[in-house]
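K.L.:
Numbering (my numbering), first residue to last: 37 to 165. We put the beta carbon where it would ideally sit given N, CA and C, even for glycine. In this text, all values refer to a predicted model and were calculated from it rather than measured experimentally. Just passing along the structure, written as structure tokens.
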């Protein structure tokens with residue numbers, strides 16, 4: 037994980053496939069790029085812009101953050117990587133919850149509403165110092 041004032045960056049690996057993704061401030065997880073070293077497809081920016089300087093199996097999204105797909109969108113675009121998307125969903129839920137809890141005012145006992153990073157689930161949890 038890398039901290040920035042505007043977003044948090046993460047890298048997730050499932051088997052040999054990896055993805056870089058981000059959680060923008062106040063937003064849902066968005067996929068930056070995917071690397072599949074076993075793929076023989078030439079590197080490209082989604083959907084079909086060649087990126088000749090990068091290795092086969094690299095798929096980039098964007099380039100602007102608002103152009104990057106959410107987890108739900110990338111599941112539809114590239115369903116063959118469902119295992120990787122599942123890993124990212126789990127990590128995004130954990131990281132979103134931990135970040136919200138760690139950012140609470142010191143010394144407070146408060147109830148908070150957590151929204152999952154993929155925007156699919158809401159739940160309430162009591163936070164105690």
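What residue from 105, 92, 98, 128 has the CA that sits closest to residue 53's CA?
P.N.:
Closest by alpha carbon: 92.
K.L.:
Taking the alpha-carbon positions, what's the residue 47 to residue 56 distance?
P.N.:
Cα to Cα, the separation comes out at about 4 Å.
K.L.:
Please report the straight-line C-alpha distance between residue 107 and residue 121, rounded to a whole angstrom.
P.N.:
Each residue's alpha carbon lies about 7 Å from the other.
K.L.:
Assuming residue 86 and residue 78 are in contact, meaning their beta carbons sit under 8 Å apart, how far apart are those beta carbons, in whole angstroms?
P.N.:
At roughly 6 Å, the Cβ-Cβ gap stays under 8 Å, so residue 86 and residue 78 are in contact.
K.L.:
Taking residue 62 as the reference, give the member of 98, 43, 76 with the closest Cα.
P.N.:
It is 43 whose Cα lies nearest to the Cα of residue 62.
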